[in-house]
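Numbering follows this note's numbering, in which position 10 of the sequence shown is assigned residue number 11; successive positions increment by one, without gaps.
Quick reminder that beta carbons are idealized off the backbone N, C-alpha and C, glycines included.
Worksheet: one structure, shown below.
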Amino acid sequence: MDLWFVSRQRYLDGEHRRIVEIALGGRDYSNPDMLVPQFHDEGREYEDPREAVKAAISVCEQWRKARPADDPHVAHGATAGFTMYFEPPAVENFGPPQMVRERGVLKNNNPDSSLGIGDRCAWCKTKVTRKSGGAFFLDGDEPGATDNKTFCCAQHAEFYSITCWADERYEKMPKCPVCNELYGKECYRLEFSDEEFCSERCAEKEEEAQAKLNQEEEDA
Ligand SMILES: [Zn+2]
Ligand SMILES: [Zn+2]
């Protein structure tokens with residue numbers, strides 16, 4: 002069972018980037034520049050990547066509110082036990098449209114910068130304006146980029162992408178065939194079968210279902 006550890010980090014990478022990281026492998030596999038837990042939901046391990054991402058986003062928002070100058074971002078990855086700094090999802094921004102007067106005509110000198118102006122942010126539903134710094138987009142390779150969404154800021158694009166990543170990851174995780182939930186620390190099996198269940202309850206349910214099936218076959 003994979004574990005995801007959510008921590009606040011101040012990377013010693015020259016820029017001192019502040020990152021809320023979601024590290025695969027649990028507590029022992031986070032990067033070494035962890036800050037003391039201060040906010041709700043940090044410094045904890047999660048089994049469900051969707052829960053880990055929700056926690057990391059919440060921590061990032063609390064941090065940003067408490068100290069905007071830190072400019073924290075969210076990133077996920079695996080250190081494999083080494084120091085391996087994680088990168089937040091890559092985001093594009095063409096800046097706000099710059100209007101210049103050319104031979105008496107007012108022109109936008111960067112047509113790309115008008116993209117997405119007037120759209121609502123797919124994360125917070127705020128209207129994207131020229132004043133707010135123009136629209137933000139996910140780089141084509143990032144999870145969720147093919148949804149072609151517009152965002153009001155880099156963080157909201159990151160939050161969206163990392164949520165898409167967690168959903169994809171969750172889809173691929175093995176689940177109990179009876180209740181379709183993730184397995185916990187222990188699995189349960191029935192005699193004479195390799196199939197695994199999340200709980201005794203689910204194993205019993207399967208046993209009952211099989212007994213019923215066998216009975217029906219005998220009766221037929
Ligand atoms: Zn937004
Ligand atoms: Zn189950």
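{"Item": "Cβ separation of Phe137 and Asn94, assumed to be a contact under 8 Å, to the nearest whole Å", "Value": "5 Å"}
{"Item": "Any non-hydrogen atom of ligand 1 within 6 Å of His74 CB", "Value": "no"}
{"Item": "Ligand 1 heavy atom lying under 6 Å from the CB of His17", "Value": "no"}
{"Item": "Beta-carbon proximity of Cys61 to Pro50, cut-off 7 Å", "Value": "no"}
{"Item": "Nearest candidate by alpha-carbon position, reference Ala70, set Asp113, Pro98, His17", "Value": "His17"}
{"Item": "Assigned secondary structure, Leu290 (DSSP; H/G/I helix, E/B strand, else coil)", "Value": "In this structure the chain extends from 2 to 221, so residue 290 is not present and cannot be described."}
{"Item": "Arg11 beta carbon less than 7 Å from that of Val21", "Value": "no"}
{"Item": "Sequence-distant residues of its chain with Cβ nearer than 7 Å to Ile58 (five each side left out)", "Value": "Val75, Phe160"}
{"Item": "Residue interval of the alpha helix (DSSP H) (run including Ser59)", "Value": "50 to 67"}
{"Item": "Among Phe152, Tyr86, Leu139, Glu143, nearest to Ser133 - alpha-carbon criterion", "Value": "Phe152"}
{"Item": "Gly117 to Asn111 span [Cα, whole Å]", "Value": "13 Å"}
{"Item": "Gly27 beta carbon less than 7 Å from that of Leu13", "Value": "no"}
{"Item": "Own chain, CB closer than 8 Å to Leu107, minus 5 neighbours either side, in chain order", "Value": "Met100, Val101"}
{"Item": "Closest Cα partner of Asn109 within the set Gly96, Pro33, His157", "Value": "Gly96"}
{"Item": "Secondary structure of Gln99, DSSP reduced to three states", "Value": "coil"}
{"Item": "Exercise answer, beta-carbon shell around ligand 2 heavy atoms below 6 Å", "Value": "Cys177, Val179, Cys180, Glu182, Phe198, Cys199, Ser200, Cys203"}
{"Item": "At least three beta-carbon pairs within less than 8 Å, the segment 178 to 186 to the segment 201 to 219", "Value": "yes"}
{"Item": "Per DSSP, cross-strand counterpart(s) of Tyr47", "Value": "Trp5"}
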